[in-house]
């Protein structure tokens, strides 16, 4: 394990407690809730599907855009966002709801395929197993947000960038999967589920890809914690 990683982790956690990042209000775990209908609570099946759809739309897309796309599906498909509504809607209807996300045409097709899979093989619910169609990042985040199952660390661009910036990988990792395997080799398992949410918010507000706010970063105030 890297020296003083725990001190760094706790400083990030402390700073995150005082910040509200996009991932806190628009991350995949919030996808089941519609701010225009705050009293309308989703069923567990609906919530799990919203989590999965949000994750499927999220690559190369900001949380705000992803969140709005999920809301568009909820509000514009007949009977809201469900396996059946995705199966019964035309590709064009789905595309019209999600056309602000990256690679929206491809993702619309993926949503249709996913809905058929869930209908045919999983009683129209998100399964508790890792599917062949999804990569490790999406699979681990889906299991964590949909079922609270801690199978591994979801490594996205923020986790990959920040943990390398902190010098937690020797040598530095070049692929998210390398990052995941190294982190899981030393980070206590009880932190595997929370580290994605923690670092994504930190990366959205403080440890930016370009022009990180080192002067306001709690880690940056302590000598020797951040090589950058």
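Residue numbers (this note's numbering): 151 to 378. Just so you know, even glycine gets a beta-carbon here, dropped at the ideal spot from N, CA and C.
Taking just the CA atoms, how far does residue j sit from residue i?
{"i": "residue 378", "j": "residue 316", "result": "7 Å"}
{"i": "residue 255", "j": "residue 213", "result": "18 Å"}
{"i": "residue 187", "j": "residue 350", "result": "27 Å"}
{"i": "residue 215", "j": "residue 299", "result": "27 Å"}
{"i": "residue 338", "j": "residue 229", "result": "43 Å"}
{"i": "residue 204", "j": "residue 250", "result": "13 Å"}
{"i": "residue 201", "j": "residue 345", "result": "18 Å"}
{"i": "residue 178", "j": "residue 271", "result": "23 Å"}
{"i": "residue 365", "j": "residue 175", "result": "25 Å"}
{"i": "residue 375", "j": "residue 159", "result": "10 Å"}
{"i": "residue 153", "j": "residue 347", "result": "23 Å"}
{"i": "residue 225", "j": "residue 169", "result": "30 Å"}
{"i": "residue 220", "j": "residue 155", "result": "36 Å"}
With a threshold of 8 Å on Cβ separation, who are the neighbours of residue i within its own chain once the five nearest residues in sequence on each side are excluded?
{"i": "residue 237", "result": "262, 265, 266 and 269"}
{"i": "residue 257", "result": "206, 207, 248 and 251"}
So, are the CB atoms of residue i and residue j less than 8 Å apart?
{"i": "residue 286", "j": "residue 327", "result": "yes"}
{"i": "residue 231", "j": "residue 243", "result": "no"}
{"i": "residue 166", "j": "residue 296", "result": "no"}
Looking only at its own chain, which residues have a Cβ that is under 6 Å from the Cβ of residue i, when we skip the five neighbours before and after it?
{"i": "residue 195", "result": "275"}
{"i": "residue 356", "result": "363 and 367"}
Note down, in chain order, each residue of its chain lying with its Cβ closer than 7 Å to the Cβ of residue i, except the 5 sequence neighbours on either side.
{"i": "residue 260", "result": "206"}
{"i": "residue 302", "result": "286, 290, 330, 334 and 342"}
{"i": "residue 332", "result": "319 and 323"}
Go ahead and label residue i buried or exposed: buried means 16 or more other beta carbons lie within 10 angstroms of its beta carbon, across all protein chains shown.
{"i": "residue 180", "result": "buried"}
{"i": "residue 361", "result": "exposed"}
{"i": "residue 353", "result": "buried"}
{"i": "residue 151", "result": "exposed"}
Exercise for review: Go through the region 157-241 residue by residue and report every complete run of the alpha helix (DSSP H) that reaches 4 residues or more, in order.
Suggested key: 172-176, 194-208, 213-226 and 233-238
Review point. What are the uninterrupted segments assigned as alpha helix (DSSP H) that are 4 or more residues long and contained completely in the region 279-366, given in chain order?
Key: 286-297, 307-315, 326-336 and 345-355
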